[in-house]
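Scroll down for the structure; my scribbles are underneath it.
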């Protein structure tokens with residue numbers, strides 16, 4: 039996928055690539071769970087920088103957006119909880135049931 043994307047990119051063009059990485063300090067069991075339950079990119083066996091460079095990308099600039107994503111996720115959970123009844127009526131309880139809440143702290 040990365041090579042195909044690079045091939046259609048105009049010369050001098052730029053693109054953004056986001057990846058989710060397991061948090062540092064996870065136990066072996068937690069890392070296996072992240073690989074099993076998370077997006078496919080979490081299970082990558084090589085660093086994403088290496089994969090991008092192997093696909094022909096020459097200027098790879100990593101940026102950590104963990105704090106921003108966590109803030110958006112917490113807000114999404116707060117708003118989902120606050121609007122639970124309306125969402126359940128629209129989407130069904132199975133989609134928004136209270137038992138589906140995530141514990142991300144600080145929400």
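Residue numbers (the working numbering): 39 to 145.
Just so it is clear, CB atoms sit at the ideal spot from N, CA and C, and this is done for glycine as well.
Every value quoted in this text rests on a predicted model; they were computed, and no experiment measured them.
Inset, instruction - Using 10 angstroms around the beta-carbon of residue 64, count the other beta-carbons present and answer buried if the total reaches 16, otherwise exposed. - result: Here residue 64 refers to the residue found at position 26 when the chain shown is read from its first residue. The residue in question, residue 64, is exposed, as its Cβ has fewer than 16 Cβ neighbours within 10 Å.
Inset, instruction - Determine the burial state of residue 134: buried for a count of at least 16 other Cβ atoms within 10 Å of its Cβ, exposed for fewer. - result: The sequence position of residue 134 within the chain shown is 96, counting from 1. Buried is the call here.
Legend entry - Beta-carbon separation (whole angstroms), residue 89 vs residue 40, contact threshold 8 Å: Counting from 1 along the chain shown, the entry for residue 89 is found at position 51. Counting from 1 along the chain shown, the entry for residue 40 is found at position 2. Residue 89 to residue 40, Cβ: 6 Å. Contact.
Legend entry - Whether residue 43 touches residue 53 by CB criterion (8 Å): By 1-based counting over the chain shown, the position of residue 43 is 5. By 1-based counting over the chain shown, the position of residue 53 is 15. Yes, the pair counts as a contact, with Cβ atoms nearer than the cut-off.
Inset, instruction - From the DSSP output, in three-state form, read off residue 73 for me. - result: Position 35 of the chain shown, counted from the first residue, corresponds to residue 73. Of the three classes helix, strand and coil, the one that applies to residue 73 here is helix, per DSSP.
Inset, instruction - State the Cα-Cα distance for the pair residue 62 and residue 56, rounded to the nearest angstrom. - result: Position 24 of the chain shown holds residue 62. Position 18 of the chain shown holds residue 56. So the alpha carbons of these two residues sit roughly 18 Å apart.
Inset, instruction - Tell me where the alpha helix (DSSP H) around residue 107 begins and ends. - result: Position 69 of the chain shown, counting from 1, holds the residue named residue 107. Segment 104 to 120, the alpha helix (DSSP H) holding residue 107.
Inset, instruction - Output the distance between the C-alpha atoms of residue 71 and residue 60, rounded to the nearest integer angstrom. - result: Here residue 71 corresponds to residue number 33 of the chain shown, with the count starting at 1. Here residue 60 corresponds to residue number 22 of the chain shown, with the count starting at 1. Roughly 10 Å between the two C-alpha positions.
Inset, instruction - Could you check the C-alpha separation between residue 107 and residue 129 for me, to the nearest Å? - result: Here residue 107 is taken as the residue at index 69 of the chain shown, counted from 1. Here residue 129 is taken as the residue at index 91 of the chain shown, counted from 1. Their Cα atoms are separated by approximately 24 Å.
Legend entry - Reduced DSSP secondary structure (H/G/I, E/B, other) of residue 61: Translated into the one-based positions of the chain shown, residue 61 becomes position 23. Coil, per DSSP.
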